[in-house]
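Before any comments, here is the structure.
Protein chains: 2
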Amino acid sequence: MQFPLALAIIEDQAAIRETLHEYLCAQPEFRCVLISESVEAFLWDLPAAPAPPQLILSDIGLPGLTGIEGIPLIQAQLPDAQVLMLSVYADAERVFEALRAGAVGYLLKNTPLAQLKEHLLQVAAGGSPMSPGVARFVVQAFLGQSPQPAPAGIPLANLLPEEPLTARELEIVRGIEDGLSYKLIAERHYISLDTVRSHIRNVYRKLQVNSKAELMAQTLKRQRG
Amino acid sequence: MQFPLALAIIEDQAAIRETLHEYLCAQPEFRCVLISESVEAFLWDLPAAPAPPQLILSDIGLPGLTGIEGIPLIQAQLPDAQVLMLSVYADAERVFEALRAGAVGYLLKNTPLAQLKEHLLQVAAGGSPMSPGVARFVVQAFLGQSPQPAPAGIPLANLLPEEPLTARELEIVRGIEDGLSYKLIAERHYISLDTVRSHIRNVYRKLQVNSKAELMAQTLKRQRG
DNA sequence: GGCGGTATCGCATGAACGTGTGGTTTTGGG
DNA sequence: CCCAAAACCACACGTTCATGCGATACCGCC
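Now the structure itself:
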């Protein structure tokens with residue numbers, strides 16, 4: 001394997017895109033040949049790239065075509081390129097779709113930059129990096145399926161707690177999962193309505209959601225996955 | 001998940017065993033309850049352990065019973081424990097055997113200690129850590145087998161509503177379970193916001209709930225119970 | 001033709017929620 | 001002892017939701 005590896009990034013959120021760009025391109029192992037904010041833009045700009053990308057780091061949740069839908073289109077243009085998915089979603093369905101579509105790995109967005117770099121290098125070396133929580137989906141599918149409720153304590157927090165929820169926050173989340181209103185949660189724990197709000201706010205930030213419904217949807221997916 | 005996690009190590013090579021022991025047990029997240037040099041020794045000493053291990057880090061190449069052969073025996077004694085394999089072998093056959101036997105992950109012995117620690121924590125959080133080169137075997141096996149083996153169906157029908165939901169209403173409910181707002185549900189089905197409201201109203205009456213949260217809580221309970 | 005059920009849509013009002021901004025008190029290390 | 005993190009509280013504003021009251025249209029069926 002020869003360095004630098006030609007790298008392309010597809011990510012719609014400017015902040016994340018810039019962070020990835022700045023960090024990865026500062027590494028001697030990589031050379032960024034194309035940075036796009038959508039699959040469409042990527043394909044459009046591809047002919048103008050200084051070199052064909054060997055590695056493509058792509059978001060899934062993109063405007064227009066999703067990252068998953070983009071994989072076959074990208075591979076049609078770049079048969080030798082390897083696509084590594086980056087996503088905030090940790091549900092089995094999306095993981096399977098991505099792998100079936102031809103992705104070689106699947107990382108969650110809370111992966112630290114340094115690990116992300118390592119994973120990209122491992123892709124180039126023939127690996128299939130996956131965030132460990134993601135890997136379990138694949139293992140279970142591989143096993144045909146035998147959903148063992150593995151963790152004894154069951155942290156309903158989330159698969160890969162970049163920022164772990166505090167004990168208090170977990171209690172609040174349990175209240176939401178029980179279908180309670182903020183008012184009832186407040187009464188259950190003898191705290192004020194605003195305090196509940198405050199905790200919820202922090203939970204939403206940590207879990208990257210912005211409504212009760214999204215929070216519960218995340219729990220639902222995790223239980224089905 | 002509560003710390004420290006009760007950890008056991010099975011490794012025959014004294015040097016590696018001591019390295020793992022010293023490093024991991026120095027971490028506040030872990031508490032070493034049993035260090036053995038073979039599966040047989042592990043099982044023998046298990047009753048004398050200060051606490052039942054929650055995580056077991058086991059080598060594969062052991063004298064006597066191999067680590068893989070040991071998994072079912074260990075799980076018979078510790079149904080809630082999770083076994084993470086550690087091996088110098090990176091061949092597909094052994095990986096598959098280990099996973100089939102019940103291992104939750106498979107790491108190579110060249111994994112840095114810091115990463116090993118992270119992987120163990122991820123196991124406790126429900127992950128399936130695998131060294132990236134190992135992961136590709138599993139992905140390929142996954143892709144090689146039945147395209148849609150068992151995505152765990154949608155038993156949404158088998159709730160017990162005295163009044164059954166119509167097809168349309170079920171679609172709307174699915175939208176809610178995906179965490180969408182009324183607006184997004186309306187867009188998804190090309191109907192107006194008020195129509196969504198109308199359907200939801202009927203669903204709430206039929207299922208005897210009066211908020212999104214209660215509806216989702218009902219779904220959650222049904223899936224757990 | 002009339003009748004019931006489903007699907008569609010509109011409007012209005014109060015409650016619940018999400019989010020921004022600011023605080024204080026408590027608590028567990030360094 | 002001080003700092004940082006967690007828990008607690010408050011106010012304000014806009015958005016979303018829950019629910020009431022309508023309405024029209026299609027379809028199968030007796």
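So the protein lines, in turn, are chains A and B. Start counting the first sequence at 1; every next residue gets the next number (the UniProt record's numbering). Start counting the second sequence at 1; every next residue gets the next number (the UniProt record's numbering). C-beta atoms are modelled at their ideal positions from N, C-alpha and C, and glycine is treated no differently.
Please look up how many angstroms separate the CB atoms of residue i and residue j, rounded, as I've assumed it's under 8 Å.
i	j	result
L220(A)	L220(B)	6 Å
V203(B)	E169(B)	5 Å
L7(A)	L73(A)	Not quite, the Cβ-Cβ distance comes to about 18 Å (not below 8 Å), so this is no contact.
L108(B)	S87(B)	6 Å
Y182(A)	R197(A)	7 Å
E118(A)	D59(A)	Not a contact, Cβ separation roughly 19 Å.
L120(A)	L84(A)	7 Å
K206(A)	L165(A)	6 Å
E187(A)	M216(A)	Their Cβ separation, rounded to whole angstroms, is 20 Å, which puts E187(A) and M216(A) out of contact at 8 Å.
A26(B)	I68(B)	At roughly 29 Å, the Cβ-Cβ gap does not stay under 8 Å, so A26(B) and I68(B) are not in contact.
Would you identify the three-state DSSP class for residue i, choosing helix, strand or coil?
i	result
Y106(B)	strand
V170(B)	What sits at residue 170(B) in the sequence shown is Leu, not Val. The answer is helix: DSSP assigns L170(B) an H, G or I state.
V123(B)	helix
D59(B)	strand
V88(A)	coil
V209(A)	coil
I191(B)	coil
K198(B)	It is worth fixing the name first, because residue 198(B) is Ser in this sequence and not Lys. Helix.
A8(A)	strand
Q115(B)	helix
Q77(A)	helix
Q218(B)	helix
F30(B)	strand
I154(B)	Reliability fails at I154(B), whose pLDDT of 26 lies under 50, so the model's placement of it is uncertain and the value that follows must be treated cautiously. Note: I154(B) maps to coil in three-state DSSP.
How should residue i be labelled, buried or exposed, when 16 other C-beta atoms within 10 angstroms of its C-beta is the threshold for buried?
i	result
N158(A)	Its pLDDT being 33, under 50, N158(A) is placed unreliably in this model, and the value from its coordinates should be taken loosely. Buried, because 16 or more other Cβ atoms sit within 10 Å of the Cβ of N158(A).
P129(A)	buried
N19(A)	Position check: residue 19(A) holds Thr in this sequence, whereas Asn was assumed. By the neighbour-count rule (16 or more Cβ atoms within 10 Å), T19(A) is not buried but exposed.
T66(A)	buried
D194(A)	exposed
S211(B)	exposed
G105(A)	buried
E22(A)	exposed
residue 227(A)	Within the shown structure, residues of chain A are numbered from 1 to 225, placing residue 227(A) beyond reach of any answer.
P28(B)	exposed
S36(A)	buried
S38(B)	buried
P53(A)	buried
G127(B)	buried
Q208(B)	exposed
A125(B)	buried
A98(B)	buried
G175(A)	buried
G70(B)	buried
A15(B)	exposed
A90(A)	buried
L113(A)	exposed
A213(A)	buried
P161(B)	At P161(B) the pLDDT is 37, less than 50, meaning the model places this residue with poor confidence; the figure from the coordinates comes in the next sentence. Label assigned to P161(B): exposed.
Could you tell me if the beta carbon of residue i falls within a distance shorter than 7 Å of some heavy atom in the ligand NAP?
i	result
P47(B)	The ligand NAP is not part of the structure shown, which contains no ligands of any sort.
**Study point:** Contact between the stretch 79-87 of chain B and the stretch 25-35 of chain B (3+ Cβ pairs under 8 Å)
**Key:** No contact exists between the stretch 79-87 of chain B and the stretch 25-35 of chain B.
Practice item. Count the CB pairs spanning the stretch 83-95 of chain B and the stretch 34-50 of chain B that are closer than 8 Å, and state whether there are at least three. Key: In short, these stretches do not touch, since the Cβ pair count stays below three.
Practice item. With 9 Å as the C-beta to C-beta threshold (strictly closer), list the residues of the stretch 205-216 of chain B near chain A in chain order. Key: Within the stretch 205-216 of chain B, V209, S211, K212, A213, E214, L215, M216 place their CB atoms closer than 9 Å to a CB of chain A, listed in sequence order.
Point to revise | Within 9 Å of chain A by C-beta, residues of the stretch 172-199 of chain B in sequence order | key: Contacts with chain A (Cβ-Cβ distance below 9 Å) from the stretch 172-199 of chain B involve I176, E177, D178, G179, L180, S181, listed in chain order.
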